[in-house]
Structures are given as C-alpha cells and as structure tokens.
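The sequence shown begins at 3 in the working numbering and counts up by one.
Contents: one structure, followed by commentary.
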Amino acid sequence: MPQIFRIGAYIVYFWSDEGLPTEPVHVHVAEGRPIPNGTKIWITKSLHGIVAHNKSKIPAHILNDIISVIEVQALYICAEWKKHFENLTFYC
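Here you go:
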C-alpha cells in the first residue's frame, strides 16, 4: 500500500486494490501501519475531505486535525492518485 505521508502516529495511504468500478479519489488512514479497514476520507472536487467511514476508530478530535492536513495536501494527494492509479478516473 503506497504511503502518501504521515501525520504523527497516523499513516495516510492508498489501498492498491480498489476494484472496479473505482471510487472517487480518497485516502485511508490508520495508526502505525496500513490496514484493510483503515478510516476512509474522500477528496471532493472542491478539495475538501469527507469521512466515508471511520473503521479504524480514530478519535473525533484527532480525525478533525487529520482532515485539515488532508485538505491542505489535497492537490498533492490528487497528483499521487493520478500517478498510482493512472488508468482510473481522476477529477481533482
């Protein structure tokens, strides 16, 4: 799973097997290492982060901080998505 960056103890990453049809641009977040059910945050066309689910149970106050960082890094995330999933939908 490609790591995009870290925020403290949390890793922000792509899950390589997204299946078909693919979902919109999003990242997964988990503490320590990538896991299959990491918290999923979608990147909207307006470069905002929306929590799709919080399966890794990140506390709300930490998750809000993580979303803020993801929004600041949204263009970088979109560029990395385009490189990693070169044959998939890309809208950022």
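Glycine included, every Cβ here is placed at the ideal spot set by N, Cα and C.
A quick note: this is a predicted structure, and the numbers were derived from the prediction, not measured.
Exercise. How far does the beta strand (DSSP E) with I52 in it reach, from first residue to last?
Worked result: G51 to H55
Exercise. Is K42 helix, strand or coil by DSSP?
Worked result: strand
For this session: Specify the secondary structure class of E82 as computed by DSSP and reduced to three states.
Result: helix
Exercise. When you compare each of E25, V31 and I79 to P61 by their alpha carbons, which one comes out closest?
Worked result: V31
Exercise. Which whole-angstrom value describes the C-beta separation of E33 and Y12, a residue pair presumed to lie in contact below a C-beta threshold of 8 Å?
Worked result: 6 Å
Exercise. What residues in its chain sit with their C-beta under 8 Å from that of W17, if we drop five residues either side in the sequence?
Worked result: M3, H30, P36, P38 and G40
Exercise. Taking all protein chains shown into account, do 16 or more other C-beta atoms lie within 10 angstroms of the C-beta of Q75, making it buried, or fewer, making it exposed?
Worked result: buried
For this session: For the alpha helix (DSSP H) holding V74, just list the boundary residues, first then last.
Result: A62 to V74
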